[in-house]
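First comes the structure, then the notes that go with it.
4 protein chains.
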Amino acid sequence: MTEHATTEHASHGYITDKDKYLNRLRRIEGQARGIHKMVAEEKYCIDILTQISALKSALDAVAVGLLDDHLTHCVVDAARAGGAEADVKIKEATDAIARLVR
Amino acid sequence: MTEHATTEHASHGYITDKDKYLNRLRRIEGQARGIHKMVAEEKYCIDILTQISALKSALDAVAVGLLDDHLTHCVVDAARAGGAEADVKIKEATDAIARLVR
Amino acid sequence: MTEHATTEHASHGYITDKDKYLNRLRRIEGQARGIHKMVAEEKYCIDILTQISALKSALDAVAVGLLDDHLTHCVVDAARAGGAEADVKIKEATDAIARLVR
Amino acid sequence: MTEHATTEHASHGYITDKDKYLNRLRRIEGQARGIHKMVAEEKYCIDILTQISALKSALDAVAVGLLDDHLTHCVVDAARAGGAEADVKIKEATDAIARLVR
C-alpha cells in the first residue's frame, strides 16, 4: 500500500519546476567532470577542495528543494487523505533528512 | 495569523516524549562542559575534536527528532486544516533543514 | 612513543590563545543550556532548530581553530623533527577531519 | 613566492595514487548523471535524496583523501623547508577544511 502510493507519486510529477532541477543537475555533472579534470591535471589541492565544497553546496540546494516539494506534495496529500500514510511519509522524510544532515 | 498558530503550538506540547529530549539535552550540556574542561586542561587536540564531533552528532539527533515531531504535528495539522498554513509551515521547516544541512 | 609525544603536547600548551577558546566554549555551554530551556518551555520547534544550527556552527568554528593550532604546532614540529611521527600526526588529523566533515 | 611554491606543487604530483582518485571521480560523475536521470524520470523523491547523500559522502571521502595528501606533502615539505611558508599552507588548509565542514 505504501509501495503503491510511492509508485503513484513517482509517476505523478511531484516535482515543481522540473526543468530548474534538470538544469542544476546538469551543472552539477559539469562540476563533477571539472573536478575530475583538475585531479587529472594535478591542479593545486586547495583549489580542488574549494570545488568539492561548491559541488556539495549545489547538491544540498537540490536536496532541500526536492524535500520541500516532497513535503508540499506527498506529505500534505497524505495528511489530507488521513490514515497512517502521512506518518509513513514523514518517517521516510526525516530518515532522508538525517542522512543529509548526518 | 501564522504568529498566532505558532504561539498556539508553542504552548500545546507538540513534542512527543519531552523527557527524552530533556535528558538528551542535559547530556549535551554535560558534553559541552566536558569539552571546556578538556581545553582548560589542555588535553590532546585530536581527543577534543573527537568530543566535538560526538556533540555535533548528538545535536543532529535532537534536531532530526524535533523536526519529525514538528512535521508529524504542526505540518500535518496545518495540512488537515487546509488553507495556506501548511505551505507556510513547510517553508519554515525546509528553511530550518537548509540551515542544519548547510 | 606516539603516546609519549601525545602526552607531552597535552601538557605543553599547543593552544594559541586558550582564553579565546574557553570563552567560546563557555558561550557554547550557555547555548546548550538555552536549548534545554527552550524544549522545557516548549518553544516553537523551528526556533529551537535555529539555535541548534547556531550551536553547531559555533562548535565547527572551535574545531577548525583547534585543528589549525594542532597543524601549526604538533604537525609542523613533527615534520621538523623528521621521522614517521609527522605521518602519524597527519593520519590522526585527517581522521578527525573526516569525523567532523562526515 | 607562495604562488611559486603552489605552481611547483601543482606540477609535481603531490597526489598519492592518482588513479584511485580518477576512478572515484569518474564514479562520482556517474552518480551525478544517475541523479539527473532519476529527476528526469521523476523517481521517488526519497530515493533521489538517498543518492544525493551517497554522492556527498563520496565527495567527502575524496576531499579528506586529498587533504591528507596535501598535508603529507605540501605542509610537511613547507615545515621542513622552514620559514613562514608552512603557516601559509596550514592557513589555506584550515580554510578549506572550514568550507568542507561548514
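Protein chains in written order, with our numbering: chain A, 90 to 191; chain B, 90 to 191; chain C, 90 to 191; chain D, 90 to 191.
Just so you know, even glycine gets a beta-carbon here, dropped at the ideal spot from N, CA and C.
Around the beta carbon of lysine 126 of chain D, a 10 Å sphere encloses fewer than 16 other beta carbons of the protein chains shown; the residue is thus reported as exposed. For leucine 114 of chain A, the CB contacts under 8 Å within the same chain, skipping 5 residues up- and downstream, are Val151 in chain order. Scanning its chain for C-beta atoms nearer than 7 Å, with the 5 sequence neighbours on each side dropped, one finds around leucine 160 of chain B the residues Ala182, in chain order. In the three-state reduction of the DSSP assignment, arginine 191 of chain C falls in the coil class. The same chain holds no residue with a CB closer than 8 Å to that of arginine 188 of chain A once the five nearest residues on each side in sequence are set aside.
In this structure, the CA atom of alanine 121 of chain A is about 9 Å from the CA atom of leucine 148 of chain D.
Taking C-beta atoms as the reference points, alanine 185 of chain B and isoleucine 179 of chain C fail to come closer than 8 Å. In the same chain as threonine 105 of chain A, and ignoring 5 residues on each side of it, the C-beta atoms closer than 6 Å to its own belong to Asp158, in chain order.
Among the residues facing chain C, leucine 156 of chain D is included, as its CB has a counterpart in that chain under 8 Å away. Rounded to the nearest angstrom, the Cβ distance from glutamine 140 of chain B to isoleucine 117 of chain B is 12 Å, too far for a contact under 8 Å.
Taking 8 Å as the threshold, the shortest C-beta distance from alanine 129 of chain D to chain A falls below it. In the structure shown, alanine 173 of chain D adopts coil according to DSSP, grouped into three states.
Annotation: the continuous alpha helix (DSSP H) that includes threonine 139 of chain A extends over 134-159. DSSP, reduced to helix, strand and coil, places aspartate 166 of chain D within a helical segment of the structure shown. Of all residues in the segment 108-132 of chain C, only Tyr110, Leu111, Leu114, Arg115, Ile117, Glu118, Ala121, Arg122, Ile124, His125, Val128, Ala129, Glu131 and Lys132 place a beta-carbon less than 7 Å from a beta-carbon of chain B.
Counting of Cβ neighbours within 10 angstroms places alanine 173 of chain C among the exposed residues, the total staying below 16. At the C-beta level, alanine 170 of chain A and valine 165 of chain B stay beyond 8 Å of one another. Beta-carbon to beta-carbon, alanine 129 of chain A and leucine 111 of chain D are separated by about 6 Å, close enough to satisfy the 8 Å threshold.
Rounded to the nearest whole angstrom, the C-alpha separation of aspartate 108 of chain B and glutamate 131 of chain C is 12 Å. Boundaries of the alpha helix (DSSP H) around aspartate 108 of chain C: 107-129. Between leucine 138 of chain B and leucine 144 of chain C, the C-beta spacing is not below 8 Å. Against chain B, the CB of lysine 180 of chain C has no partner CB under 8 Å away; the residue lies outside that interface. Rounded to the nearest whole angstrom, the C-alpha separation of serine 146 of chain C and arginine 191 of chain D is 7 Å. Straight across, the Cα-Cα distance linking tyrosine 133 of chain D with histidine 162 of chain B is about 24 Å. A direct Cα-to-Cα measurement between glycine 119 of chain C and valine 153 of chain C gives close to 20 Å. Assignment of isoleucine 186 of chain A by DSSP, reduced to helix, strand and coil, places it in the helix class.
Within chain D, the residues placing a beta-carbon under 8 Å from that of arginine 188 of chain A are Leu138, Thr139 and Ser142, ordered along the chain. Contact with chain D is found for alanine 168 of chain C, since one of that chain's Cβ atoms lies less than 8 Å from the residue's Cβ. Beyond the five residues adjoining it in sequence on each side, serine 142 of chain B comes within less than 8 Å, by CB distance, of no other residue in the same chain. For a Cβ distance threshold of 7 Å, residue set Ile141 of chain A lies close to valine 151 of chain D, ordered along the chain. Assigned with DSSP and collapsed to three states, isoleucine 104 of chain D falls in coil, not helix or strand.
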